[in-house]
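Working notes, structure below.
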Amino acid sequence: MLSLLVENIYLLVVVTLISVLQNVFFAQKVERECKNRNTSGSAFQRVSCANRNCMDAYPTFLAVMWCAGVCLSQAPAAFAGIIYLLVRQKYFIGYLGQSSQSTPGYLFGKRIISFLSLMCIVGIFNYLLWRFYGSDYKEYVETITNAASALLLLP
Amino acid sequence: MLSLLVENIYLLVVVTLISVLQNVFFAQKVERECKNRNTSGSAFQRVSCANRNCMDAYPTFLAVMWCAGVCLSQAPAAFAGIIYLLVRQKYFIGYLGQSSQSTPGYLFGKRIISFLSLMCIVGIFNYLLWRFYGSDYKEYVETITNAASALLLLP
Amino acid sequence: MLSLLVENIYLLVVVTLISVLQNVFFAQKVERECKNRNTSGSAFQRVSCANRNCMDAYPTFLAVMWCAGVCLSQAPAAFAGIIYLLVRQKYFIGYLGQSSQSTPGYLFGKRIISFLSLMCIVGIFNYLLWRFYGSDYKEYVETITNAASALLLLP
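Protein chains in written order, with the working numbering: chain A, 93 to 247; chain B, 93 to 247; chain C, 93 to 247.
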């Protein structure tokens, strides 16, 4: 029975694993900077702050990605997850290199979180339609979602 | 096969989405305060602290709500989740308005977390009873849980 | 239908509940220290820092434990989870007792996270083998994983 479940979530698991790897990479950056703290206090502060902002947003991202993947379909959710990880990587690197006057903002990846939330809402709406009216538009919706996920690639 | 799963979790997904919206609202408050940092340092510190306390407790809340919803039944778990979000909103607003001498404590929503944990324990206990003795009290337990969740409304 | 699901995850739910209890214990430590802040500022800072490091790693741990448990089998994943909680307890206590010169590092439990990630990868690989070649090595893999999880007990 779990095999049937794994079939529908394995892409999400892969993205989760990649995000865990990225978390460990961030944490190691912090640890390395923490040991060199005496040399440059502001560098440590920047790494620590970048890591904290990423970690604050991490449970939100995970929750919304899994909900979208389970409610609608896994492929576009996993694709959006990959894009989010790239954005996060860029945010982290950008945070380190910048001087303190022009640090990037606190929020990032708003567009991707919105897209995933929309996927959740569409999925639940589709389920309710199917339950109360018997009409199932899942295939059309999945096709549209797959196409729409490509829009996330726009800069 | 996923439709069967969605039937049992869609209320939880809705609560998760609302909590994500709330997180974004909190983060935007922090970001706006961060840009006005020069005007009032203590206001930024209060918003940032309130947001951090909420974010620290967020994965715990999500985990226990989903476990309770999957192990026992989704309606009371989602109801408790909604109450928790209201408590959190009140905590966040209360944190901002107060002077620093009388900030609310670090912990909040202890009663709701306890209720959800109890639901998990009852659900697992019920499953073990069903597996080893063949007696299924699930319907009675769900009725009692639905009634007990109303107690969370007490101030 | 949910009963079938609960059968495959109830150990994970138990470990999650224990981790929630531990989180509450940590948070209460912070709250108690916060009220005595005037007596010793550095003790408060140490408790707060230990709690924050634990909380930063918590979503990562939960995500990888649940993925490993769902993709492969729950018993070794739950066992690794228990070990992780013990390591975390030791880390927290160690953080409090130490003087600031020799605090433990930022990262902990790297071996357990690696083990759980490996379990995920093996589970997905096994699923893909089963899907495309029809060969199911799940039982062999589970036996090997059960044996390998004992290696986590090595100091």
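Quick reminder that beta carbons are idealized off the backbone N, C-alpha and C, glycines included.
- Sequence-ordered contacts of the stretch 104-137 of chain B with chain A read Leu104, Val105, Val106, Thr108, Leu109, Ser111, Val112, Leu113, Asn115, Val116, Ala119, Gln120, Val122, Glu123, Cys126 and Lys127 [C-beta pairs closer than 9 angstroms].
- Identification of chain A residues near C/Ser209 by a Cβ-Cβ cut-off of 7 angstroms yields Leu109 and Val112, ordered along the chain.
- In this structure, the beta-carbon distance from B/Val112 to A/Ser241 does not fall below 9 angstroms.
- Remark: C-beta atoms of B/Tyr229 and C/Glu99 do not approach each other more closely than 9 angstroms.
- Contact of B/Tyr198 with chain C is assigned, a C-beta pair being separated by under 9 angstroms.
- At a beta-carbon threshold of 8 angstroms, none of the residues of chain A lie near C/Ala142; the nearest stands roughly 14 angstroms away.
- Residue environment analysis places A/Ile185 among the exposed positions, since fewer than 16 neighbouring C-beta atoms fall within 10 angstroms of its C-beta.
- Chain B places a beta carbon closer than 9 angstroms to that of C/Tyr102, counting this residue as a contact.
- Closest in alpha carbon position to A/Lys121, among A/Leu188, A/Phe224, A/Pro151 and A/Ile175, is A/Leu188.
- In chain order, Pro151 make up the part of chain B whose C-beta sits under 7 angstroms from the C-beta of C/Tyr150.
- Under a criterion of Cβ atoms nearer than 9 angstroms, no residue of chain C is adjacent to A/Met157; the nearest Cβ is some 10 angstroms distant.
- Chain-order list of chain A residues neighbouring C/Ile216: Tyr102, Val105 and Val106, by C-beta distance under 7 angstroms.
- If one requires a minimum length of 4 residues, the alpha helix (DSSP H) runs lying completely within the stretch 177-239 of chain A are 202-225, in chain order.
- Pairwise C-beta distances place the stretch 231-241 of chain C out of contact with the stretch 155-170 of chain A, as fewer than three of them are shorter than 8 angstroms.
- Residue environment analysis places C/Thr152 among the buried positions, since at least 16 neighbouring C-beta atoms fall within 10 angstroms of its C-beta.
- Residue contact check for C/Leu177 against chain B: no CB pair falls below 9 angstroms.
- Contacts between C/Cys163 and chain A, judged by CB atoms closer than 9 angstroms, involve Leu94, Val98, Ile101, Tyr102 and Val105 in chain order.
- Under a criterion of Cβ atoms nearer than 7 angstroms, the residues of chain B adjacent to C/Leu154 are, in order, Pro151 and Ala155.
- Any Cβ of chain B closer than 9 angstroms to the Cβ of A/Tyr229 would place that residue at the interface, and such an atom is absent.
- In its chain, beyond the 5 residues on either side, Leu221 have a beta carbon closer than 7 angstroms to the beta carbon of A/Ser227.
- At a cut-off of 9 angstroms between C-beta atoms, A/Leu220 counts as an interface residue with respect to chain B.
- Non-local beta-carbon contacts of C/Cys126 in its own chain, meaning distances under 7 angstroms to residues more than five positions away in sequence, involve Phe136 in chain order.
- Using a Cβ-Cβ cut-off of 9 angstroms, C/Ile204 does not count as an interface residue toward chain A, since no Cβ of chain A sits closer than that to its own.
- Among the CB atoms of chain C, one or more fall inside 9 angstroms of the CB of B/Arg223.
- At least one beta carbon of chain A lies nearer than 9 angstroms to the beta carbon of C/Cys212.
- The C-alpha of A/Val106 lies about 30 angstroms from the C-alpha of B/Asn145.
- When only Cα atoms are considered, B/Ile204 and B/Tyr176 end up about 7 angstroms apart.
- Check the Cα spacing between A/Cys141 and each of A/Ile101, A/Ala170, A/Tyr183 and A/Ala167: the tightest is with A/Tyr183.
- The C-beta of C/Thr108 has 16 or more other C-beta atoms within 10 Å across all chains shown, which makes the residue buried.
- Cβ-Cβ distances below 7 angstroms link B/Tyr102 to nothing in the same chain once the five nearest sequence neighbours on each side are left out.
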